[in-house]
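Report on one structure; see the data block that follows.
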Amino acid sequence: MRDDPDRRALLARAWDDAAQEYERYFVPRFSSWVATAVGAVAGAALPRGPILVPCCGTFPELPALVAGHPEREIVGIDLSATMVRLARERAAGWPQVRVLEDDAASLDRHWSKSCAGVVSVFGLQQLPDPEVALGNWVDALGHGGCLSVVYWPRKVEERGPFALLDEVLVDHRPPDDGLWEARLGEAIVAAGGTVERDEYLAFPMSHPDAGTFWDAFTNGGPLRALAIARGEKVMLGIRDEFIRQAPTGQWSHLPRARWIVARTVDS
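Note that my numbering has the sequence shown beginning at 8, numbered continuously upward.
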């Protein structure tokens, strides 16, 4: 994957549109993954410096980070202006917290080797060059700093709504061979880090029905960009096919995300 200004603008617009629904529908459902990712940093002894949260979205990581490191500067970074606005609302009352509207993939050079921690949940897989972004995040850490990243892998589940999405969207979005996932460990090592954990985390999730899941994923999730690009008529046709193949009634499943924890070498 490679970045370009048009793609970046589409992502920003899509997440502007999706922000309110993402906060309402998905933030509660993603809370177990957020808690696990944040726990690796919130409960850790860290060197001096701020904690960065690239792709912070509405910033659900924030309360636990503040509880774990109440005096430390915490900085959220997101491309979407609406996500940033909601994140700043969540951060109100914590003067040590800042939220920046910026590119979370590259980070500003002034963060290099100066941060205590980096936490990111469900942002990495959306970036144009995930392995490059992960290397940049490791490079932001000072000696002994901690990185904790959770992301959706190419294969989230064998059965369930994510698996069915892959089937009905196969001809409607660019192919992803997933080869970048195998290079993430190398990217961490090349940036000066050592991998401490690399495992999969599965937590239960449920939805009232297939239509509710589709609408939330389209209006408040990653399909928003595709919906903007392809138009309402195309998306309604895919929605009909998705619901036709889906089970009726409440839909429960056990999606899995990949969790990577790394440290920079202490000196």
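C-beta atoms are modelled at their ideal positions from N, C-alpha and C, and glycine is treated no differently.
Closest Cα partner of E5 within the set V82, G56, L107, G238: Given that the chain is displayed from residue 8 to residue 274, the structure contains no residue 5 and the question cannot be resolved.
Can you give me the Cβ contacts of P57 inside the same chain, cut-off strictly under 7 Å, excluding the 5 residues immediately before and after it? R79, E80, I81, V82, C122, A123
What are the boundary residues of the alpha helix (DSSP H) that includes T89? 88 to 98
Measure the alpha-carbon distance for V126 versus L59 and round it to whole angstroms. 6 Å
Classify D146: buried if its beta carbon has 16 or more other beta carbons within 10 angstroms, exposed otherwise. buried
Could you give the DSSP three-state label for H117: helix, strand or coil? helix
Per DSSP, I58 is paired with what? I81, G124
Going by DSSP in three states, P163 sits in which element: helix, strand or coil? Just to set this straight, residue 163 is Val in the shown sequence, not Pro. V163 falls in the coil class under three-state DSSP.
Closest by CA to P199, which one among V268, L17, H150? Rather than Pro, the amino acid found at residue 199 in this sequence is Gly. Among V268, L17, H150, the Cα nearest to that of G199 is on H150.
Alpha carbon to alpha carbon, what distance is there between P254 and L18? 31 Å
Contact check, P61 vs A98 under 8 Å by CB: the rounded distance? In fact, because the Cβ distance is near 15 Å, the residues do not count as touching under 8 Å.
Counterpart residues of R270 in DSSP-defined beta bridges: C153, T201
Quick one: Cα of D24 to Cα of R270, how far? 35 Å
Within 8 Å, do at least three Cβ pairs link the region 27 to 44 to the region 234 to 253? no
Exposed or buried, what is E193 when buried is set at 16 or more other beta-carbons lying within 10 Å of its beta-carbon? exposed
Residues that V48 bridges to, as DSSP identifies them: DSSP lists no partner for V48.
Please go through the same chain and pick out, in chain order, the residues whose beta-carbon is closer than 6 Å to the beta-carbon of R263, but skip the five residues on each side of it. Y207, A209
Is it true that the region 24 to 35 meets the region 220 to 239, where meeting means three or more beta-carbon pairs spaced less than 8 Å apart? yes
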